[in-house]
Ligand SMILES: [Zn+2]
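Numbering (full-length UniProt numbering), first residue to last: 1 to 253.
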């Protein structure tokens, strides 16, 4: 995951290296002539204010991106907000000088960027909320974080962890923390990672604590590792090999 590309605002001259969500090989670039930014009405009206400064300016933009991989060429629609901030450019005399520059922040991508690689074998109840999380990542990090938590609950169910206890015929649902502690021994090495994801998700589910996109990216990196560990062929082969060696108590011969 290229954290910098997901985090920093961009300019007309340089778009971040967003990876194509279809092929995950090519980089997305705005189709020439298909990027449009306009200053918002209230922002335009504010120019007459005596204290007006260029950094009051607010833009709305939309644009069409295309994948640079010749075998793909997927189109992705993108929209977001923008503003004006101090920029540093190299002047005619070769010296850096300060100027005002336009900066833009993405809010939506359609189709959404695939922020981590979901293995094909990853079960749908886990991958669906993660895809929903990717859709919300730029516009609402807190909602994106909640969807990671939903994926985590689903993953525990897939790994055979029960969701509730039954007492006097009533279901008493277990919280996420208790469920993680009930992971079968063969998954125990994943417990630490899952617990860390849970802590990051906690910030997202309470209105009084702001979840940042860094928190969500941390959670993606952790769950990415867990999914690769559980669901990629490479991980399965390594596990099968370890099992064989352990059974023979020596090299597989
Ligand atoms: Zn592509």
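Each residue gets a CB set at the ideal place from its N, CA and C atoms; glycine is no exception.
Looking at 61, 185, 147, the one whose alpha-carbon comes closest to that of residue 12 is 61.
Under the DSSP assignment, residue 180 falls in the alpha helix (DSSP H) whose first and last residues are 176 to 181.
Counting along the chain, residue 36 sits inside the beta strand (DSSP E) bounded by residues 28 to 39. According to the DSSP secondary-structure assignment, residue 99 is paired through a beta bridge with 87.
By the neighbour-count criterion, in which 16 or more other beta carbons inside 10 Å mark a residue as buried, residue 116 falls on the buried side. Going by DSSP, residue 165 is part of the beta strand (DSSP E) stretching over 164 to 167. In this structure, the straight-line span from the alpha carbon of residue 84 to that of residue 176 is close to 43 angstroms. Look at residue 26: its beta carbon is less than 7 angstroms from one of the heavy atoms in ligand 1. Within the DSSP bridge table, the entry for residue 77 names 64, 110 as partners.
Within its own chain, the residues whose Cβ lies closer than 7 angstroms to the Cβ of residue 232, once the five positions on either side in sequence are excluded, are 119, listed in chain order. Within the model, the alpha-carbon separation for residue 110 versus residue 63 is close to 11 angstroms. The distance from the Cβ of residue 80 to that of residue 104 is about 6 angstroms, consistent with a contact at the 8 angstroms cut-off.
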